[in-house]
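One structure below.
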Amino acid sequence: MQKTTKKIIKLYVIGVGPGDPELLTLKAKKILKRVPLIFSPTGGKDNLALSIIKKAINLNKKKVVSLLFPMKKTKETDLEAHWKILSDEIIKYLNFFGKGAFITLGDPAFYSTFFYLYPFLKNFAEIEIVPGVSSLSAVASVIPINLSIADEKIIILPANYADNLEKYGKDFDTLILMKPHKNWQKILKLAENLKNYQSFYVKKATMLEEKIYTNLKEVPEEELDYFSIVIFKKREN
């Protein structure tokens, strides 16, 4: 009797970096050139992750599948049905192509949309996570500053936790706020109590639209952006 071999379904989850296509890793580029299928998450507007890899590899002979992710996502949001629909879409294409890549900005382990889908996919496909340069590393490099040295402590917070800035300022040497545009006025007010910290606002690090401000009060309202980070770094004595 002829022995049948089970078809291996493979999904690569690839961090494409913060924006500059030259920060795409060698491993990511090698896999993206090889796979016939690419899943590209989008919020309904410009697809930034896809625009990055377009500058690094030829997509003409690849199947690109856009996946619509809602912009408002928290662990408490009731979106299970939506994640299941997206996962079923991925499974459908993987069944046909056998392997593919899900691209995500920065690093897959750092606020990545993919992990909303992971519970639905982990038992279907062999999943390999391919790390990428995170937005946080990119921001620190363009300022440039070190985020920590020796025994310094860092805290990373979504901007909706900005209320606790003064409290964290007593315990941490570096405070990092993700997506600060959501609570900008509150952040400005609370920052006044962090007088022993240098503040930085960086928009779209490593991209053509990159902007860097070393005083939060000088940031124009039109420069507030989804792809931005605020860093408070304790001043040296």
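Note that my numbering has the sequence shown beginning at 458, numbered continuously upward. All C-beta atoms, glycine included, are put in the ideal place defined by N, C-alpha and C. Quantities reported herein were computed from a predicted structural model and do not represent experimental measurements.
With 16 other Cβ atoms within 10 Å as the buried cut-off, status of residue i
{"i": "K690", "result": "buried"}
{"i": "K518", "result": "exposed"}
{"i": "P601", "result": "exposed"}
{"i": "T671", "result": "exposed"}
{"i": "K661", "result": "buried"}
{"i": "I586", "result": "buried"}
{"i": "A607", "result": "exposed"}
N-terminal and C-terminal residue of the alpha helix (DSSP H) that residue i is part of
{"i": "K646", "result": "W641 to A648"}
{"i": "F496", "result": "Run containing F496: none in the alpha helix (DSSP H); it sits in the beta strand (DSSP E), L494 to T499."}
Distance, residue j Cα to residue i Cα
{"i": "K679", "j": "A648", "result": "The sequence shown places Glu at residue 679, rather than the Lys named in the question. Roughly 20 Å separates the two Cα atoms."}
{"i": "G557", "j": "N603", "result": "36 Å"}
{"i": "G555", "j": "L516", "result": "18 Å"}
{"i": "R491", "j": "Y469", "result": "11 Å"}
{"i": "F577", "j": "K674", "result": "44 Å"}
{"i": "K643", "j": "K484", "result": "41 Å"}
{"i": "K520", "j": "L480", "result": "23 Å"}
Beta-carbon spacing of residue i, residue j below 7 Å
{"i": "L494", "j": "L543", "result": "no"}
{"i": "G626", "j": "L645", "result": "no"}
{"i": "G472", "j": "P588", "result": "yes"}
{"i": "P475", "j": "T663", "result": "yes"}
Terminal residues of the beta strand (DSSP E) in which residue i lies
{"i": "P478", "result": "Careful: P478 lies outside any beta strand (DSSP E) and carries neither H nor E."}
{"i": "G557", "result": "K556 to T561"}
{"i": "Y575", "result": "Note, Y575: premise wrong, no beta strand (DSSP E); alpha helix (DSSP H) at Y575 to L578."}
Do the stretch 612-627 and the stretch 585-592 meet, that is, are 3 or more Cβ pairs less than 8 Å apart?
In the pairwise beta carbon analysis, the stretch 612-627 is classified as not touching the stretch 585-592: fewer than three pairs are separated by under 8 Å.
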